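Numbering (this note's numbering), first residue to last: 0 to 330.
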Amino acid sequence: MNNFKNLHDLLANLPDEISCRQYFEQFRWEDGKPICPYCGSGKAYRIEKGKRFKCGNPECYKKYSVLVGTIFEASNIPLQKWFIALYMATNHKRGVSSCQLARDLNVTQKTAWFMLHRLRHLMGNGDIKKPFTDVVQADEAFVGGKNKNRHADKKVPKSKGRAYQDKTPVLGLMQYGKVMLQVMPDTQAETIRDIIKANVEKGAMLVSDDYDAYWWLRGHCFHVPVNHSLGVFTSGAFTTNGIEGFWSHLKRMIIGTYFQISRKHLQRYCEELSYRFNTRKLKDCERFLLSLKHSEGPLPYKMLVQKSLPLNHGQSQENLQEKGPTEGTTS
Ligand SMILES: [Zn+2]
Numbered sequence: 000m001n002n003f004k005n006l007h008d009l010l011a012n013l014p015d016e017i018s019c020r021q022y023f024e025q026f027r028w029e030d031g032k033p034i035c036p037y038c039g040s041g042k043a044y045r046i047e048k049g050k051r052f053k054c055g056n057p058e059c060y061k062k063y064s065v066l067v068g069t070i071f072e073a074s075n076i077p078l079q080k081w082f083i084a085l086y087m088a089t090n091h092k093r094g095v096s097s098c099q100l101a102r103d104l105n106v107t108q109k110t111a112w113f114m115l116h117r118l119r120h121l122m123g124n125g126d127i128k129k130p131f132t133d134v135v136q137a138d139e140a141f142v143g144g145k146n147k148n149r150h151a152d153k154k155v156p157k158s159k160g161r162a163y164q165d166k167t168p169v170l171g172l173m174q175y176g177k178v179m180l181q182v183m184p185d186t187q188a189e190t191i192r193d194i195i196k197a198n199v200e201k202g203a204m205l206v207s208d209d210y211d212a213y214w215w216l217r218g219h220c221f222h223v224p225v226n227h228s229l230g231v232f233t234s235g236a237f238t239t240n241g242i243e244g245f246w247s248h249l250k251r252m253i254i255g256t257y258f259q260i261s262r263k264h265l266q267r268y269c270e271e272l273s274y275r276f277n278t279r280k281l282k283d284c285e286r287f288l289l290s291l292k293h294s295e296g297p298l299p300y301k302m303l304v305q306k307s308l309p310l311n312h313g314q315s316q317e318n319l320q321e322k323g324p325t326e327g328t329t330s
């Protein structure tokens with residue numbers, strides 16, 4: 000089952016809850032043998048028709064399932080629906096909206112929204128968090144607002160600054176076709192410097208446009224400015240074309256799938272997009288298995304206690320606007 004061709008193939012092999020759980024047990028535990036998440040004991044009894052286990056350690060005796068400690072924990076959603084959502088959210092080039100997923104899975108939009116947010120957490124667990132070490136391209140983009148011509152922002156005279164109040168700035172770093180996106184509160188030199196220092200190793204080469212903020216990084220990186228204001232787009236062998244070209248993916252995702260993304264949640268969408276981009280060379284099946292591996296790990300408490308069907312609408316109201324149709328643009 001580690002080499003299925005498509006979603007149909009996956010579902011044919013995992014037709015129900017028990018088969019999905021047993022598959023996940025084999026995937027997570029050595030030889031599929033259960034390990035108690037509370038005491039570490041390997042002794043357990045299957046209960047509830049095989050869905051869960053009861054720890055065999057007399058000092059523990061706790062009940063658990065293979066889902067404890069993963070993003071699928073504490074939800075009433077069948078594991079097969081999670082697998083379908085995982086497959087769609089990680090493999091579909093532009094992602095899947097909560098409205099679409101709700102229809103495809105026959106769940107409410109609120110449930111679909113909750114699932115997608117957990118899945119985005121998974122995608123944020125990717126291995127791109129390593130520091131960038133070599134020749135790194137850096138660039139900013141601006142998301143949201145009403146200025147449809149934002150892609151022409153490089154032509155805006157510097158005197159107007161980069162403090163676009165109606166837009167959210169995102170810093171992009173790229174190396175060897177791998178990208179990392181970070182939403183920023185502003186485009187102050189200090190903000191940019193802190194993000195780069197945290198993610199780019201000292202001594203690396205940073206290629207960016209000639210925006211002043213990057214000059215402040217001298218001493219940490221070797222800075223190669225590419226002077227866009229003079230119409231120059233490469234500096235010797237160095238260019239920022241990779242990261243600049245990447246912004247069109249962000250634009251397409253926002254316009255094509257999500258329509259509107261609140262500033263509060265933008266970072267998660269950025270992680271979703273960069274996860275798919277960074278794993279673009281994998282086959283769908285390989286990406287599914289990699290994603291399943293990333294389902295492991297601590298969920299923030301807030302996410303864990305969030306019910307799959309929140310009674311309080313307030314929390315997710317903002318992002319339910321995902322269904323649009325309103326515009327979102329990037330540069
Ligand atoms: Zn135990």
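Ideal placement from N, C-alpha and C gives every residue a C-beta, glycine not left out.
Just so we're clear, the structure is a prediction, and the values are computed from it rather than from any experiment.
Taking the DSSP output, what are the residues bridged to residue i?
| i | result |
| --- | --- |
| Thr-167 | Val-142 |
| Thr-69 | Glu-295 |
| His-222 | Leu-205 |
| Tyr-63 | Phe-52 |
| Leu-172 | Ala-137, Met-179 |
| Phe-131 | Val-199 |
Would you decide whether residue i is buried or exposed? Buried here means 16 or more other CB atoms lie within 10 Å of its CB.
| i | result |
| --- | --- |
| Tyr-300 | exposed |
| Phe-221 | exposed |
| Tyr-44 | exposed |
| Phe-23 | buried |
| His-293 | buried |
| Lys-80 | buried |
| Leu-319 | Only weak support exists for where Leu-319 lies, its pLDDT of 41 falling under 50; the value from the coordinates is given anyway. So Leu-319 counts as exposed. |
| Ser-273 | buried |
| Pro-57 | exposed |
| Gly-94 | buried |
| Glu-295 | exposed |
| Ala-11 | exposed |
| Ile-342 | Since the first and last residues shown for the chain are 0 and 330, residue 342 lies out of range. |
| Arg-365 | Residue 365 lies beyond the range of the chain shown here (0 to 330); nothing can be said about it. |
| Gly-244 | exposed |
| Arg-149 | Because the pLDDT of Arg-149 is 45, which lies under 50, any placement of that residue in the model is unreliable, and the number read from its coordinates should be weighed accordingly. So Arg-149 ends up on the buried side. |
| Trp-214 | exposed |
| Lys-159 | Any reading at Lys-159 is ruled out, since the residue's pLDDT is 45, under 50, leaving its predicted position unreliable. |
| Ala-197 | exposed |
| Ser-64 | buried |
| Lys-168 | Per the sequence presented here, residue 168 reads as Pro, with Lys not at that position. Buried is the call here. |
| Arg-119 | buried |
Looking at the unbroken beta strand (DSSP E) that takes in residue i, where does it start and where does it end?
| i | result |
| --- | --- |
| Met-183 | Where Met-183 is concerned, there is no enclosing beta strand (DSSP E), given that its DSSP letter is neither H nor E. |
| Phe-52 | 51–54 |
| Tyr-44 | 43–46 |
Can you tell which of the options has its C-alpha closest to the C-alpha of residue i?
| i | options | result |
| --- | --- | --- |
| Lys-4 | Lys-282, Met-204, Met-183, Lys-292 | Lys-282 |
| Leu-78 | Leu-104, Gly-94, Gly-55 | Leu-104 |
| Lys-166 | Lys-62, Arg-262, Leu-291, Ser-96 | Arg-262 |
| Phe-141 | Asn-1, Leu-10, Arg-119, Leu-170 | Leu-170 |
| Glu-16 | Lys-32, Lys-48, Asn-198, Tyr-268 | Lys-48 |
| Ser-96 | Ile-194, Ile-260, Leu-298, Tyr-213 | Ile-260 |
| Cys-59 | Gly-176, Ala-197, Ile-34 | Ile-34 |
| Thr-238 | Lys-201, Leu-180, Leu-172 | Leu-172 |
| Thr-132 | His-91, Gly-143, Lys-177, Trp-112 | Lys-177 |
| Lys-250 | Ile-83, Lys-92, Pro-224, Phe-82 | Lys-92 |
| Met-87 | Asp-193, Leu-6, Trp-246, Met-179 | Leu-6 |
| Leu-115 | Asn-124, Pro-130, Thr-89 | Thr-89 |
| Gly-123 | Phe-276, Arg-267, Leu-298, Thr-278 | Arg-267 |
| Phe-276 | Val-199, Ile-195, Leu-180 | Leu-180 |
| Ala-84 | Phe-113, Lys-32, Ser-64, Val-225 | Phe-113 |
| Gln-174 | Ser-290, Ile-242, His-120, Glu-270 | Ile-242 |
| Ile-76 | Cys-98, Lys-61, Arg-20, Gln-99 | Arg-20 |
| Cys-54 | Lys-280, Lys-32, Glu-72, Ala-73 | Lys-32 |
| Met-183 | Glu-271, Ser-290, Leu-265 | Leu-265 |
| Val-199 | Lys-280, Pro-14, Pro-130, Thr-278 | Pro-130 |
For the alpha helix (DSSP H) containing residue i, list its first residue and its last residue.
| i | result |
| --- | --- |
| Arg-119 | 108–122 |
| Phe-276 | 265–277 |
| Asp-103 | 97–104 |
| Leu-216 | Element bounds for Leu-216: n/a, residue is neither H nor E. |
| Asp-8 | 6–12 |
| Arg-354 | For residue 354 there is no data in the structure shown, the boundaries of the chain being 0 and 330. |
| Asn-90 | 78–90 |
- Query: Are three or more beta carbon pairs between the stretch 185–200 and the stretch 281–296 nearer than 8 Å?
  - Reply: no
Measuring CB atoms only, is the stretch 29–39 touching the stretch 102–111, in the sense that at least three cross pairs come out at less than 8 Å? No: the two stretches stay apart, fewer than three of their Cβ pairs being nearer than 8 Å.
Notebook entry, point to check: Does the pairing of the stretch 54–68 with the stretch 16–35 give three or more beta-carbon distances under 8 Å?
Noted result: yes
(Q) Does the contact criterion of 3 or more C-beta pairs under 8 Å hold for the stretch 200–216 versus the stretch 132–141? (A) yes
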